[in-house]
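In the order they appear, the protein sequences are chains A and B. Counting from 215, one number per residue, gives the positions in the first sequence under my numbering. Counting from 44, one number per residue, gives the positions in the second sequence under my numbering. From the three backbone atoms N, C-alpha and C, an ideal C-beta is built for every residue, glycine too. Source: prediction; values computed, not measured. Here the structure is laid out as structure tokens; the discussion comes afterwards.
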Amino acid sequence: MRLRTFTKASICAATTNKSLDTLTQVRRIWKPIVFLLCLAPALLVVTDAFELTGRLGANPVEEIQDRFGIWALRFIMITLAVTPLRRMTGWNWLSRFRRMFGLFTFFYVLMHFLTWLILDQGLLLSAILEDIVERPFITIGFVALLLLTALAATSTNAMRRRLGRRWQTLHNATYAIGILGVWHYWWQVKKDVSEPLIYATILAVLLGARVIWSQVHKKRRRRAARQKPQQS
Amino acid sequence: MLIKKPADIRPSEITSEQNYLDRRTFMRVGALVGGSILAPSAISAVVPDRRGTKLTGVSKSSFSTDEAPNSFEDITTYNNYYEFGTGKSDPHENAQNFDPLPWTIKVEGHAEKTGTFDFEDFIKPFDLEERIYRMRCVEAWSMVIPWVGISLAEVVKHFKPTSQAKYVAFETLNDRKRMPGIRRGSLDWPYREGLTIAEATNPLPILAVGLYGQVLPNQNGAPIRLVVPWKYGFKGIKGIVRMRFTDKQPLTSWNMAQAREYGFYANVNPNVDHPRWSQARERRIGSGLFASKQPTLMFNGYGDEVAHLYKGLDLRRNY
Chain A
215 MRLRTFTKAS ICAATTNKSL DTLTQVRRIW KPIVFLLCLA PALLVVTDAF
265 ELTGRLGANP VEEIQDRFGI WALRFIMITL AVTPLRRMTG WNWLSRFRRM
315 FGLFTFFYVL MHFLTWLILD QGLLLSAILE DIVERPFITI GFVALLLLTA
365 LAATSTNAMR RRLGRRWQTL HNATYAIGIL GVWHYWWQVK KDVSEPLIYA
415 TILAVLLGAR VIWSQVHKKR RRRAARQKPQ QS
Chain B
44 MLIKKPADIR PSEITSEQNY LDRRTFMRVG ALVGGSILAP SAISAVVPDR
94 RGTKLTGVSK SSFSTDEAPN SFEDITTYNN YYEFGTGKSD PHENAQNFDP
144 LPWTIKVEGH AEKTGTFDFE DFIKPFDLEE RIYRMRCVEA WSMVIPWVGI
194 SLAEVVKHFK PTSQAKYVAF ETLNDRKRMP GIRRGSLDWP YREGLTIAEA
244 TNPLPILAVG LYGQVLPNQN GAPIRLVVPW KYGFKGIKGI VRMRFTDKQP
294 LTSWNMAQAR EYGFYANVNP NVDHPRWSQA RERRIGSGLF ASKQPTLMFN
344 GYGDEVAHLY KGLDLRRNY
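Shown next, in the form of structure tokens:
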């Protein structure tokens, strides 16, 4: 995550050099493209509302809320997929997109929450507070939103430097957010859990990959530690 | 109070292309409504599309609400019918090629008249009435729907239940070839519902066979479904193939699936929340993006007609 340490001067230098190095390419070309792609589902909600691209159907409030919710889930999965994918492929440039994906997760969760707050509940404070306190699946979703807000607020390079080692500890909450998100989805469906099950499976694979990775590394380190005294 | 002012959306405007009935379909309407018997062999060669067929001889009902009905499109593209999938638009998408006819209904149990009846014969003795009812889904959305149907009370009386008959149980068609949602095993098929005899002989419930003056669309439960306006929508069992008079409270599908969340009675009640969401307010479909939810009424506003059925019953425990 050194991206921000590139100075304007260095980029200009790279551009004038004509052969853009990978990081600059990522920053100047791929990042804007990926950003627009990430924004597309939200734009589609707006154009569908005006029936330019599609329709929101008989219950538009529910449709908007569901779309933002499902994209929030997809983005937490995408964010969590970055590290395992980078380790598998060796494509280290992937990590340059991790913050963007994380912030889009926050964006879609926030939009999902605002749709519920404004369009569904109509800003009726008593009903909102009652729902957050009394409906477990809403409580879970709300906790995930609070965690995400903390992560989004500390996502800048400056905050990362200031928090030092505590930054990583705090940002491990991403795993908890993934679990809370799937749990929230699972609890709100009436009966057919086949779709939540898909997300639960993906999440299990993504978190499982990390467990396996750390186990393998522990073993390697231990083996290395054992081999040293034998050699001496 | 006769309700039907010129309807906001006339059926003829909604299904323009379907109104040009071909001769075969027209003949079939005659068979359905007029009661002239058309030998099944005469129509089996070509399967006519009965969708959009107009029903005739439909009288108005004083039980109808004067609230504006939802559009034909809303009613037919947004509903639950798990036999055709669990998504709200699944029934519309997956029931298009479902041809309900020929259809038989088996009547059995504690009644003097029992047997298996062809759909047309089953409904023939009864008057077709338009009943514009509020429909409140357990998922906290609602519609106003202009059904066409026959009085369930009349149907029950017609089969002469014996003194042992305390309940009426219904079952939906369970055909995994024609109903793609059944393969997914989201519920324990066949779909089952039931009412007490007192509920079934109340004047409000109908067996609906039409919508907006036309034959009932497949996705809404063709050819025949139950409508009980003071209960949550899931009590309105669709595609009925069996009707049984029983002495014991029958099993009902959602109660079997999640007894803590869905009871046998399932009366609309703003004071008893679903364990996972509030039932105090409801979203009226078609009210627009920025409309607020409206308060849910006790017994969905049909308390004058049905509250007496539950005197002395703890509605908090018998949800």
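I'd like the span of the alpha helix (DSSP H) that includes R300(A), first residue to last. From DSSP, the alpha helix (DSSP H) with R300(A) extends over P274 to T303.
Note down the Cα distance separating W427(A) from N386(A), rounded to an integer number of angstroms. When rounded, the distance between both Cα atoms is 16 Å.
Mind checking which residues open and close the beta strand (DSSP E) that includes A212(B)? Boundaries of the beta strand (DSSP E) harbouring A212(B): Y210 to T215, taken from the DSSP string.
Beta carbon of K278(B) nearer than 9 Å to that of L238(B): Contact: yes.
For chain A, check one thing: does any of its Cβ atoms lie closer than 9 Å to the Cβ of L294(B)? Among the residues facing chain A, L294(B) is not included, as its CB has no counterpart in that chain under 9 Å away.
Three-state secondary structure (DSSP) of W184(B): Correct three-state label for W184(B): strand.
Say whether the segment 328-336 of chain B touches the segment 347-359 of chain B, bearing in mind that this needs 3 or more beta-carbon pairs closer than 8 Å, one atom from each stretch. Counting Cβ pairs under 8 Å, fewer than three are found: no touch.
Alpha helix (DSSP H) segments (min. 4 residues) lying fully within the segment 234-313 of chain B: Whole alpha helix (DSSP H) segments, 4+ residues: 240-243 and 296-300.
Please name the residue or residues paired with W190(B) in a DSSP beta bridge. BP columns for W190(B) point to R174(B) and L254(B).
Is there contact between the segment 303-322 of chain A and the segment 333-351 of chain A, where contact requires at least three CB pairs shorter than 8 Å? No, they do not touch.
Using 9 Å as the limit for Cβ to Cβ distance, is N113(B) near chain A? So yes, N113(B) belongs to the interface.
With a CB to CB cut of under 8 Å and the five nearest residues on each side skipped, what residues in its chain are close to I225(B)? Excluding positions up to five away in sequence, the list reads E126, N217, D218, R219 and W232.
Determine, using beta-carbon pairs with one atom in the segment 363-372 of chain A and one in the segment 394-408 of chain A, whether at least three such pairs fall under 8 Å. At 8 Å Cβ cutoff, the stretches do not touch.
Distance CB(I148(B))-CB(V284(B)) smaller than 9 Å: Yes; because the gap between Cβ atoms is below 9 Å, this pair is in contact.
Output needed for G276(B): all residues of its chain with C-beta closer than 6 Å, excluding positions within five of it in sequence on either side, in chain order. Here the set comprises M178 and C180.
Could you give the first and the last residue of the continuous beta strand (DSSP E) run that contains G392(A)? Note, G392(A): premise wrong, no beta strand (DSSP E); alpha helix (DSSP H) at A387 to Q402.
Give the residues of chain B in contact with F351(A), contact being defined as C-beta atoms less than 9 Å apart. By Cβ distance, chain B contributes R319 and W320.
Look up A154(B) in the DSSP assignment and give the residues it is bridged to. Answer by DSSP bridge pairing, in chain order: P204(B).
Is A263(A) close to chain B, meaning its C-beta is less than 9 Å from at least one C-beta of that chain? It does; some Cβ of chain B falls within 9 Å.
If you follow the alpha helix (DSSP H) that R312(A) is part of, which residue opens it and which one closes it? Segment R312 to L328, the alpha helix (DSSP H) holding R312(A).
Rounded to the nearest angstrom, how far is the Cβ of Y124(B) from that of P189(B), given a contact under 8 Å? Between P189(B) and Y124(B) the Cβ distance is about 19 Å, and since that is not below 8 Å, they are no contact.
Do you know how far the Cα of R379(A) is from the Cα of A366(A)? About 17 Å.
Would you mind telling me which residues of chain B sit closer than 7 Å to Q279(A), beta carbon to beta carbon, in chain order? Residues of chain B whose Cβ lies closer than 7 Å to the Cβ of Q279(A) do not exist, since the nearest Cβ in that chain is about 11 Å away.
Can you tell me which of the three DSSP states T338(B) falls into? A quick correction: the sequence has Pro, not Thr, at residue 338(B). Correct three-state label for P338(B): strand.
What residues of chain C sit near P274(A), judged by a beta carbon separation below 7 Å? Absence of chain C from the displayed structure is noted, the protein chains being A and B.
Within the chosen definition, does the segment 301-319 of chain B reach the segment 156-176 of chain B through at least 3 CB pairs nearer than 8 Å? Verdict: no, contact absent.
So with Cβ pairs under 9 Å, would you call L257(A) a contact of chain B? So no, L257(A) is outside the interface.
Close-in-space but distant-in-sequence residues of the same chain around W307(A) (CB under 8 Å, 5 per side omitted): Closer than 8 Å at the Cβ level, and outside the excluded window around W307(A), lie T236, L237 and V240.
Is E325(B) helix, strand or coil when you go by DSSP? Note: E325(B) maps to strand in three-state DSSP.
Which word fits T363(A), buried or exposed, when buried means at least 16 other C-beta atoms lie within 10 angstroms of its C-beta? With fewer than 16 other beta carbons inside 10 angstroms of its own, T363(A) counts as exposed.
Against Y124(B), what residues of chain A qualify as contacts under a CB-to-CB distance less than 8 Å, listed in chain order? The contacting residues do not exist; Y124(B) stays about 13 Å from chain A at best.
One question on the structure: do W5(B) and G346(B) come within less than 9 Å of each other, judged by their Cβ atoms? In the structure displayed, chain B extends from 44 to 362; residue 5(B) sits before or after that span and is not available.
Which of the three DSSP states, helix, strand or coil, is assigned to T159(B)? Under the three-state reduction of DSSP output, T159(B) falls in the strand class.
Taking Cβ positions only, does Q301(B) come closer than 9 Å to chain A? Yes, its Cβ sits closer than 9 Å to a Cβ of chain A.
Mapping DSSP to helix, strand and coil, what is G238(A)? Note that residue 238(A) is Thr in the sequence shown, not Gly. It is helical.
Looking at the structure shown, is S330(B) part of a helix, part of a strand, or coil, going by DSSP? For S330(B), the three-state secondary structure derived from DSSP is coil.
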